[in-house]
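Before any comments, here is the structure.
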Amino acid sequence: MVKTLAQIVGDAHVYTGSDRVAPFVTDWTRRFGGPCLAVVRPGDAGEIAEILRACAAARVPVLPQGGNTGLVGGSVPAAGGNQPPVIISMLRLTDLGAVDELSGQVTVGAGATLGEVQRHAVRAGWRYGVDLAARDSATIGGTVATNAGGVHVIAHGMTRAQVVGIEAVLADGSVITHLSGMLKDNTGYDLASLLCGSEGTLGIITAVRVRLHRPLGRTTVSLIGVGSYAEALELMSRAGIASESNAPGSRLLAAEVIDAPSMDLVCSVADLPWPLEQRWSIVVLLEIVDGGDGSGLPLDESADAVVAFSASDQERLWAYRERQAEAYGVTGVVHKLDVSVPLSKLAACADELVALINTLPDVDTFGIFGHLADGNMHVEIVGPAADDLRADLAVLECVSRYGGSISAEHGVGRAKAAHLHLCRSAAEITAMRAIKGALDPQGLMNPGVLFV
Numbered sequence: 001m002v003k004t005l006a007q008i009v010g011d012a013h014v015y016t017g018s019d020r021v022a023p024f025v026t027d028w029t030r031r032f033g034g035p036c037l038a039v040v041r042p043g044d045a046g047e048i049a050e051i052l053r054a055c056a057a058a059r060v061p062v063l064p065q066g067g068n069t070g071l072v073g074g075s076v077p078a079a080g081g082n083q084p085p086v087i088i089s090m091l092r093l094t095d096l097g098a099v100d101e102l103s104g105q106v107t108v109g110a111g112a113t114l115g116e117v118q119r120h121a122v123r124a125g126w127r128y129g130v131d132l133a134a135r136d137s138a139t140i141g142g143t144v145a146t147n148a149g150g151v152h153v154i155a156h157g158m159t160r161a162q163v164v165g166i167e168a169v170l171a172d173g174s175v176i177t178h179l180s181g182m183l184k185d186n187t188g189y190d191l192a193s194l195l196c197g198s199e200g201t202l203g204i205i206t207a208v209r210v211r212l213h214r215p216l217g218r219t220t221v222s223l224i225g226v227g228s229y230a231e232a233l234e235l236m237s238r239a240g241i242a243s244e245s246n247a248p249g250s251r252l253l254a255a256e257v258i259d260a261p262s263m264d265l266v267c268s269v270a271d272l273p274w275p276l277e278q279r280w281s282i283v284v285l286l287e288i289v290d291g292g293d294g295s296g297l298p299l300d301e302s303a304d305a306v307v308a309f310s311a312s313d314q315e316r317l318w319a320y321r322e323r324q325a326e327a328y329g330v331t332g333v334v335h336k337l338d339v340s341v342p343l344s345k346l347a348a349c350a351d352e353l354v355a356l357i358n359t360l361p362d363v364d365t366f367g368i369f370g371h372l373a374d375g376n377m378h379v380e381i382v383g384p385a386a387d388d389l390r391a392d393l394a395v396l397e398c399v400s401r402y403g404g405s406i407s408a409e410h411g412v413g414r415a416k417a418a419h420l421h422l423c424r425s426a427a428e429i430t431a432m433r434a435i436k437g438a439l440d441p442q443g444l445m446n447p448g449v450l451f452v
């Protein structure tokens, strides 16, 4: 099989030695990983089609991988798999097409990083609507495969809302290409939407056409201390009302939340000063498009807040949120639970989660941060062994009781595949399995991910 792969992509783009494959077989959390048959680095969709045909003929599973920034084991092999897969690295598919000024769209290779696409759009006078902390390592293909969210969902929606066309290779090696970007095209099933969020289980995304947005204008960023999640939500609501009542074009762009343990940790690890006068239970980060004068902030004289107008000062405030994953990562093996609940239930759910985790054994530290605006909480737990899933299950079951989702934006991966029933009905899972069976009848596309 390795010889066949080398004939397709060249010897230089097939890795087999343990040292060569090491960066590809363990995910960022260090909780998931296993052996692979080889890592292959194709240069285009045609080579990927040949690889998939060869793997299908030999009944070898395949696993697409972008920047390997995933947190749920969705882009690395299973530890105890019966057949080690071929990992197909997408990092050579980095084309950045010309920005279409008429439509405000651009076609990019799946291996281009989110940051590269963002900068490409800015150079043309546009902006891409998805942003997240791993922008310089996460690939566009990976963000589409997981339907990534990030910090601007309240303004622009999830990744699926940005995708207007897709090119992908299916399990049998057939290539589907639909990159025209037409917004009105009701000719059958929306395959781009189907592949978005499929986590590599239906096909391998090779190129994406995305919508862009015009620059929003100057913003104001603020960190504000509050006493509870309920107060955080009320503050966010007032921020939305205040910004919308300002001049045309004003809007709430981001609303993030960080609890005190997470703030303490990032201050220690990243050597950041505590930014407010008091140590609050909750710190809210607001970013508002308001001309950069602070007029959209719903603050009175009693508020404990710090406000940033310049780009450098805003970057400094964002560091308290964007360096959270890094901060928890240095404490040991982290159990990362990416969950969401309806906004009306977020405060009650978050309060119950804190009380619940405080009762669990072997927990050394934990914290909650995330995207307040869309009900997305990142629950970080340090202490339990990597294979001790009691804390994970307790969090997921709690979220399920509040009608939430066990995966807000990171995907189901291997970590949560056994728990899909907590937020999807039996009928939904049966329908999804039928789609999987139709497009991947041999079950070779990222087996063990999404479904067990």
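Numbering of the sequence shown is given in our numbering, commencing with residue 1 and proceeding in unit increments.
Idealized CB from N, CA, C, for every residue including glycine.
Since the structure is predicted, the reported quantities are computational estimates derived from the model, not experimental observations.
Rounded to the nearest angstrom, what separates residue i and residue j at their Cα positions?
{"i": "V307", "j": "L389", "result": "40 Å"}
{"i": "R414", "j": "G403", "result": "22 Å"}
{"i": "D293", "j": "L235", "result": "19 Å"}
{"i": "D27", "j": "L71", "result": "7 Å"}
{"i": "A325", "j": "A408", "result": "16 Å"}
{"i": "I406", "j": "G203", "result": "23 Å"}
{"i": "V399", "j": "H371", "result": "16 Å"}
{"i": "V21", "j": "N68", "result": "12 Å"}
{"i": "V40", "j": "V164", "result": "28 Å"}
{"i": "Q105", "j": "V210", "result": "6 Å"}
{"i": "R220", "j": "I288", "result": "Sequence check: residue 220 is Thr here, not Arg. If I take the Cα positions, the gap works out to 5 Å."}
{"i": "E322", "j": "Q7", "result": "42 Å"}
{"i": "V99", "j": "S180", "result": "13 Å"}
{"i": "L450", "j": "E167", "result": "22 Å"}
{"i": "I357", "j": "T146", "result": "27 Å"}
{"i": "T113", "j": "S137", "result": "6 Å"}
{"i": "A350", "j": "A434", "result": "35 Å"}
{"i": "V395", "j": "A426", "result": "21 Å"}
{"i": "G227", "j": "V354", "result": "14 Å"}
{"i": "A13", "j": "V334", "result": "Note that residue 13 is His in the sequence shown, not Ala. Whole-angstrom Cα-Cα distance: 33 Å."}
{"i": "V363", "j": "E380", "result": "10 Å"}
{"i": "I205", "j": "S18", "result": "27 Å"}
Tell me where the beta strand (DSSP E) around residue i begins and ends.
{"i": "I205", "result": "G203 to R211"}
{"i": "G225", "result": "T219 to V226"}
{"i": "D313", "result": "Segment A311 to E322 is the alpha helix (DSSP H) holding D313; no beta strand (DSSP E) there."}
{"i": "S89", "result": "V86 to S89"}
{"i": "A305", "result": "A305 to A308"}
{"i": "V130", "result": "It is not in any beta strand (DSSP E) - V130 carries neither H nor E in the DSSP assignment."}
Could you please give me the residues that DSSP links to residue i through a beta bridge?
{"i": "M445", "result": "V62"}
{"i": "N376", "result": "S340 and H371"}
{"i": "G109", "result": "A207"}
{"i": "T365", "result": "V382"}
{"i": "T26", "result": "G33"}
{"i": "E256", "result": "L285 and H371"}
{"i": "S425", "result": "According to DSSP, which records beta bridges pairwise, S425 is partnered with nothing at all."}
{"i": "H335", "result": "I381"}
{"i": "D100", "result": "Q105"}
{"i": "R459", "result": "Since the first residue shown for the chain is 1 and the last is 452, residue 459 is missing from the structure and cannot be characterised."}
Can you check which of these residues, the options, is closest to residue i by C-alpha distance?
{"i": "G10", "options": "I176, P23 and I51", "result": "I51"}
{"i": "V452", "options": "V130, G142, G74 and S281", "result": "G74"}
{"i": "P453", "options": "G43, S302 and K336", "result": "Summary: the structure shown does not reach residue 453, with the chain confined to residues 1 through 452, and so no result is reported for it."}
{"i": "D172", "options": "P447, N446, Q442 and V449", "result": "Q442"}
{"i": "F309", "options": "G157, A303 and L297", "result": "L297"}
{"i": "E256", "options": "T206, I368, L216 and A112", "result": "I368"}
{"i": "T139", "options": "D95, V169 and V151", "result": "D95"}
{"i": "P261", "options": "P275, S281 and G115", "result": "S281"}
{"i": "V151", "options": "A311, G141 and A133", "result": "A133"}
{"i": "I88", "options": "G115, P42, M377 and P342", "result": "P42"}
{"i": "A161", "options": "P64, D387, G240 and A192", "result": "A192"}
{"i": "Q278", "options": "R316, T29, K3 and I224", "result": "I224"}
{"i": "L393", "options": "I48, L420 and H13", "result": "L420"}
{"i": "R238", "options": "A373, V108, M158 and V144", "result": "A373"}
{"i": "D290", "options": "G375, F24 and L253", "result": "L253"}
Are the C-beta of residue i and some C-beta of chain D separated by less than 8 Å?
{"i": "E199", "result": "Judged by its chain identifiers, the structure shown contains no chain D, having just a single protein chain."}
Could you pull the start and end residues of the alpha helix (DSSP H) that residue i belongs to?
{"i": "E116", "result": "L114 to R123"}
{"i": "A394", "result": "R390 to R401"}
{"i": "V72", "result": "No alpha helix (DSSP H) holds V72; DSSP gives it neither H nor E."}
{"i": "V9", "result": "V2 to V9"}
Exercise. At which residue ranges does the region 157-207 contain complete beta strand (DSSP E) runs of 3 or more residues, listed in the order of the chain?
Worked result: Within the region 157-207, the complete beta strand (DSSP E) segments of 3 residues or longer fall at 163-170 and 175-178, listed in chain order.
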